[in-house]
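Reading the sequence shown from the start, the letters are residues -20 to -1, 1 to 333 in mature numbering (1 follows the signal peptide of the UniProt record, and there is no 0). The beta-carbon is built from N, C-alpha and C at its ideal position, and this holds for glycine as well. No experiment lies behind these values; they were computed from the predicted model shown.
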Amino acid sequence: MKLIRYLLYAVAVATIVACGGGGSGTTFDRQGVLFAPNNPQGVLAGTAVDLLLVTTAVNSTEPGHTFTANVDSSDIPSIDHRSWTGTVGPVNAVDYHVITVHIPDGLAEGTHLHLQVARSSETSPISLGLVSSYELIVGSSTVVGAFQGQGPVSGNPGSTVTGTLTLTSIGSAHGLVEFTGQLGGVSVNPQSGNIAANGALSATVSYHIPATATPGSTIDVPVFFRARTNDGFAMLHVQVAGNLPGDFTFGTSTNSVLLTPGATSQAITVTANPQNGFTGLITVTATATDPRVTLSSPTTNPFTINVASASPGTTTIHLQMSQQGQGQGQSSVTLSATGGGHTHTATIQVQSS
C-alpha cells in the first residue's frame, strides 16, 4: 500500500471562552499558514494517506493551552493516531499532528469522504470546544513528497542544516508546484517548479536551528507544497546535537568534462557548504590520473576556499589538457578538501579524444 502525505489545516476559526477564574480570549485560526487547503482534497483509492493537522494560537497572552483531540469518520473505518493531546500558545505557537488515513480500495473516482476533528481543552480556566470538518475526494492522480535518506539530520544550536525534498507525480498529475516552509528559519530553493506527469521535482530545504534549541531534542520542520491536484507536505526531522564539531560538505557543479589536447574546460564551480557552525579556510588539492590534465585556474595547486559565515564558500576552476605526451581516453581528477580536521573529496571524470 502506498503512503501519501497530504496537508489538512485542522483549524477553523474558534474562540476559547474563559471559565471559572476568568482569562483573556484566545483565537484559534489559520494565521501563519501560507496556503489555504484545496477543498475537497484529492486522494487515491487503496492508499495510506498522511494528513497533517495544524492548530495555531493567535493573539494569546497566556502561557499555553493543552487540548485533547479526536478524528472520526463514518466513511473511513481505519485511521491511525486518531486521538492525541496537544499544546498551543502563547502567541502563534503551532501544534502539529499527523494522522494516517487508510482510503478503502475499489472506490469509484469522484467518491466523497468526510472527516471530523473534535477538540476540547482540559486546562483551567480555559475551555475549548471546536469541531472541524474536512472533505476528501477520490481521484486518479496526485503529487507526493518525501525527504531523501533515513532518519533525522543533525546540527548544533545556531547552525543550519539541509535536506532534499523530492516530489513524485502519480498518474497524470503535472504542472506548477509551489513550496513553502511555515516555521521561521526555513528556506526552500527553488520556491516553485514544474513537474511532468509521472515525473519528479526536487528542492533543497534549509533550516536554521535556533540558538536556544535544547541539545538532544528533535524539531519537526514541515515543508508544504501546492500542486494542481492537491496540497501536500513532508516533514524534515532535525536532531539538535549540541556536541557535533563544525564540518562541511563538498562538491562540484559537474562530475564530468570533455577535453581535447590543448583545450581548456568550461568553468566548474567548487562549493563547500558549512555544517554545525563551521567557518575557516579549506585547502583543496587537485590530483589527476592523466599527467596531461592540470588546473589552468587557479594557478596554484593546492588552492583555498574561505567559509566566513553560514553561507557556502565557492570558487571557480578550469581544467586544461596539454598537447604534449600520451594519456588515457578516460581519466579523472580528484579534488581533496581539508579544513577543521575534516577531509572530503569530489571526483570529476575526464573524457579525452
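CB contact flag (residue i, residue j, <7 Å)
{"i": "residue 195", "j": "residue 222", "result": "yes"}
{"i": "residue 245", "j": "residue 298", "result": "yes"}
{"i": "residue 152", "j": "residue 123", "result": "no"}
{"i": "residue 261", "j": "residue 284", "result": "yes"}
{"i": "residue 185", "j": "residue 157", "result": "no"}
{"i": "residue 27", "j": "residue 83", "result": "yes"}
{"i": "residue 147", "j": "residue 119", "result": "no"}
{"i": "residue 311", "j": "residue 269", "result": "yes"}
{"i": "residue 204", "j": "residue 228", "result": "no"}
{"i": "residue 348", "j": "residue 144", "result": "Nothing in the structure corresponds to residue 348, since the chain is present only between -20 and 333."}
{"i": "residue 249", "j": "residue 296", "result": "yes"}
{"i": "residue 209", "j": "residue 86", "result": "no"}
{"i": "residue 24", "j": "residue 77", "result": "no"}
Residue i, buried or exposed, once every other Cβ within 10 Å from all chains shown has been counted against 16
{"i": "residue 211", "result": "buried"}
{"i": "residue 98", "result": "exposed"}
{"i": "residue 108", "result": "Model confidence at residue 108 stands at a pLDDT of 47, short of 50, so the residue's coordinates are unreliable; what they give is reported in the following sentence. Buried, since its Cβ has 16 or more Cβ neighbours within 10 Å."}
{"i": "residue 174", "result": "exposed"}
{"i": "residue 323", "result": "exposed"}
{"i": "residue 207", "result": "buried"}
{"i": "residue 136", "result": "buried"}
{"i": "residue 319", "result": "buried"}
{"i": "residue 60", "result": "exposed"}
{"i": "residue 30", "result": "buried"}
{"i": "residue 238", "result": "exposed"}
{"i": "residue 58", "result": "exposed"}
{"i": "residue 192", "result": "exposed"}
{"i": "residue 155", "result": "exposed"}
{"i": "residue 113", "result": "exposed"}
{"i": "residue 328", "result": "buried"}
{"i": "residue 132", "result": "buried"}
{"i": "residue 263", "result": "exposed"}
{"i": "residue 63", "result": "exposed"}
{"i": "residue 134", "result": "buried"}
{"i": "residue 35", "result": "buried"}
{"i": "residue 286", "result": "exposed"}
Supposed contact pair residue j and residue i - C-beta distance, whole angstroms, cut 8 Å
{"i": "residue 188", "j": "residue 165", "result": "4 Å"}
{"i": "residue 290", "j": "residue 140", "result": "5 Å"}
{"i": "residue 253", "j": "residue 225", "result": "About 15 Å separates the two Cβ atoms, so there is no contact after all."}
{"i": "residue 53", "j": "residue 93", "result": "7 Å"}
{"i": "residue 201", "j": "residue 218", "result": "6 Å"}
{"i": "residue 274", "j": "residue 304", "result": "That belief does not hold up - the Cβ atoms of residue 274 and residue 304 are roughly 11 Å apart, past 8 Å."}
Strand pairing of residue i, partner residues [DSSP]
{"i": "residue 154", "result": "Answer by DSSP bridge pairing: none, since residue 154 is not bridged."}
{"i": "residue 135", "result": "220"}
{"i": "residue 159", "result": "205"}
{"i": "residue 169", "result": "184"}
{"i": "residue 75", "result": "35"}
{"i": "residue 269", "result": "For residue 269, which the question treats as bridged, DSSP gives no partner whatsoever."}
{"i": "residue 319", "result": "322"}
{"i": "residue 332", "result": "239"}
{"i": "residue 310", "result": "331"}
{"i": "residue 213", "result": "204"}
{"i": "residue 145", "result": "127, 183"}
{"i": "residue 24", "result": "119"}
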